[in-house]
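Read left to right, the sequence shown gives residues 0 to 263 (numbering that gives the first Met the number 0). In this text, a Cβ means the ideal position worked out from N, Cα and C, and glycines have one as well. Computed from a predicted model, the values in this text were never measured in an experiment. These notes concern the structure reproduced below.
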Amino acid sequence: MPQLRAALTLYTNAAKSALSGFVGTLLALAVLVAGALCLVAVEMLFLEPMGARSLMSGICRSVAGALFVSTYLSLINMWVQAKRSTLFRHLRLHAGNLLMPFIYTLFFFWMAEIASNFIPHPMAWLFVVLAGVIVNPAPEVVYQERGEGFGTLQDAAQFMSQNWPEWLVMQVPFLGLLAGWAAIANYSLSPDALAGLWLDSGPRLEVLHIASIYLRDGLRGGVVAPLMGLLLLALVHIWMLFRGHVFRELSKGNRRLRAWQSRM
Numbered sequence: 000m001p002q003l004r005a006a007l008t009l010y011t012n013a014a015k016s017a018l019s020g021f022v023g024t025l026l027a028l029a030v031l032v033a034g035a036l037c038l039v040a041v042e043m044l045f046l047e048p049m050g051a052r053s054l055m056s057g058i059c060r061s062v063a064g065a066l067f068v069s070t071y072l073s074l075i076n077m078w079v080q081a082k083r084s085t086l087f088r089h090l091r092l093h094a095g096n097l098l099m100p101f102i103y104t105l106f107f108f109w110m111a112e113i114a115s116n117f118i119p120h121p122m123a124w125l126f127v128v129l130a131g132v133i134v135n136p137a138p139e140v141v142y143q144e145r146g147e148g149f150g151t152l153q154d155a156a157q158f159m160s161q162n163w164p165e166w167l168v169m170q171v172p173f174l175g176l177l178a179g180w181a182a183i184a185n186y187s188l189s190p191d192a193l194a195g196l197w198l199d200s201g202p203r204l205e206v207l208h209i210a211s212i213y214l215r216d217g218l219r220g221g222v223v224a225p226l227m228g229l230l231l232l233a234l235v236h237i238w239m240l241f242r243g244h245v246f247r248e249l250s251k252g253n254r255r256l257r258a259w260q261s262r263m
């Protein structure tokens, strides 16, 4: 089938680009590691005295994580779009530009989680996952199309309506990799936990909080836990590169055009 061949070509090319770009984007990965370590420091020095469940501690944690993730997305954009710029010049010009659009994405999931509290448990879990599916490409919309406000979520939903088969199929092997990591890292393998890990490794990109928990154990003398945290960040980094290349190609045309191009 031409469309199946086109999808396989798309995934293969995106995987090659992601793997080949991994070494060249280690500085972007370093931003994720720095962000996770920053969260460790912020939690130990400031948030623990406030109380782990206090409103202020939650806001501080979310803003700090969003700042590092938005900076990371800016760097990913530079490499996925093959822009010629030095790292420090790019950061000087663009650092912080994506913070507010990304915060709108986090706010959407925050509202979805609040709404899920008024829904019976099985349906609440499906509600949050469905929200994550509908706006799954929100990070790519943020840094490639520079969506603004809730228009970012609308653009992500529109992209999903046009490209949902290609975008959802590629999630399956990644879910398998996340499940493998969870088994090795002694992370919960319950459906709720795995769904949350999937959302945190994709549309919500709150993976820094999970990694910070594992890195924090290294300060207490642990060795395996910090390695698991770094492994998770590396896995998500390759995944984000792959997603970025797939999103870029899917945004260029429809399935018929990709099927025709795959024959050439």
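> Near Y103, which residues of its chain fall below 8 Å by C-beta distance, leaving aside the five closest residues on each side in sequence?
Replying inline: As a working mapping, residue 103 is identified with position 104 in the sequence shown. Closer than 8 Å at the Cβ level, and outside the excluded window around Y103, lie G148, F149, T151 and L152.
> Any idea what DSSP makes of P202, helix, strand or coil?
Replying inline: Here residue 202 refers to the residue found at position 203 when the sequence shown is read from its first residue. Coil at P202, not helix or strand.
> Which class does E147 belong to by DSSP, given the choice of helix, strand or coil?
Replying inline: One-based indexing of the sequence shown puts residue 147 at position 148. Here E147 carries a coil assignment [DSSP, helix/strand/coil].
>> Can you check which of these residues, R60, E42 and E144, is closest to E205 by C-alpha distance?
In response: As a first step, residue 205 must be located in the sequence shown, where it is residue number 206. Comparing alpha carbon positions, the residue from R60, E42 and E144 closest to E205 is R60.
> V68 by DSSP, collapsed to three states: which one?
Replying inline: The sequence position of residue 68 within the sequence shown is 69, counting from 1. V68: helix per DSSP, three-state reduction.
> For S199, is the classification buried or exposed, using 16 other Cβ atoms within 10 angstroms of its Cβ as the cut-off for buried?
Replying inline: Looking up residue 199 in the sequence shown gives position 200. Looking at the sequence shown, residue 199 is not Ser but Asp. With 16 or more Cβ atoms within 10 Å of its Cβ, D199 is classed as buried.
> Is it the case that the Cβ atoms of L9 and V168 are separated by a distance below 8 Å?
Replying inline: Looking up residue 9 in the sequence shown gives position 10. Looking up residue 168 in the sequence shown gives position 169. For L9 and V168, no; Cβs fall outside 8 Å.
>> Taking only three categories from DSSP, how would you classify V222?
In response: Your numbering for residue 222 matches position 223 in the sequence shown. In the structure shown, V222 sits in coil (DSSP, three-state: anything other than H, G, I, E or B).
>> DSSP three-state label for L229, please.
In response: Mapped onto the sequence shown, residue 229 falls at position 230. Residue state, collapsed to three classes: helix.
> What's the gap between the Cα of L249 and the Cα of L44?
Replying inline: The count along the sequence shown starts at 1 and reaches residue 249 at position 250. The count along the sequence shown starts at 1 and reaches residue 44 at position 45. Between L249 and L44, the C-alpha separation is close to 44 Å.
>> Distance check for G221 and V62, CA to CA, integer angstroms please.
In response: Along the sequence shown, one-based indexing puts residue 62 at 63. Along the sequence shown, one-based indexing puts residue 221 at 222. Their backbone Cα atoms lie some 28 Å apart in a straight line.
> How big is the Cα-Cα spacing for F241 and H120?
Replying inline: Here residue 241 refers to the residue found at position 242 when the sequence shown is read from its first residue. Here residue 120 refers to the residue found at position 121 when the sequence shown is read from its first residue. Separation of F241 and H120 (C-alpha to C-alpha, rounded to the nearest whole angstrom) is 33 Å.
>> If the criterion is Cβ atoms closer than 8 Å, does the pair P202 and V141 meet it?
In response: Mapped onto the sequence shown, residue 202 falls at position 203. Mapped onto the sequence shown, residue 141 falls at position 142. No, they are not a contact pair.
>> For L31, report the span of its alpha helix (DSSP H) as first-last.
In response: The residue given as residue 31 occupies position 32 in the sequence shown. L31 -> alpha helix (DSSP H) spans L25 to V41.
> Applying the criterion that 16 or more other CB atoms from any shown protein chain within 10 Å of the CB defines a buried residue, is V235 buried or exposed?
Replying inline: Position 236 of the sequence shown, counted from the start, is the residue given in the question as residue 235. Residue burial is scored here from C-beta neighbours: V235 has at least 16 other C-beta atoms within 10 angstroms and is therefore classed as buried.
> Which full runs of the alpha helix (DSSP H) of 4+ residues lie inside the region 103–174, going along the chain?
Replying inline: Every alpha helix (DSSP H) stretch that sits fully inside the region 103–174 and reaches 4 residues is listed by chain position as 120–133 and 150–168.
> Can you round the beta-carbon distance between M159 and P138 to whole angstroms, since I take them to be within the 8 Å contact cut?
Replying inline: Residue numbering aside, residue 159 sits at position 160 when the sequence shown is read from its first letter. Residue numbering aside, residue 138 sits at position 139 when the sequence shown is read from its first letter. The beta-carbon separation of M159 and P138, rounded to 13 Å, does not stay under the 8 Å limit for a contact.
>> I need the DSSP call for S73, collapsed to helix, strand or coil.
In response: Start at 1 with the first residue of the sequence shown, and residue 73 comes out as number 74. Note: S73 maps to helix in three-state DSSP.
> How would you label R257, buried or exposed, when you count the other beta carbons within 10 angstroms and need 16 or more for buried?
Replying inline: By 1-based counting over the sequence shown, the position of residue 257 is 258. For R257, the predicted structure reports a pLDDT of 49, less than 50, and the residue's modelled location is therefore unreliable. The matter cannot be settled from this model.
> In angstroms, rounded to a whole number, what distance separates the CA positions of P225 and D216?
Replying inline: Locating residue 225 in the sequence shown gives position 226, where the first residue counts as 1. Locating residue 216 in the sequence shown gives position 217, where the first residue counts as 1. Going by the C-alpha atoms only, they are around 7 Å apart.
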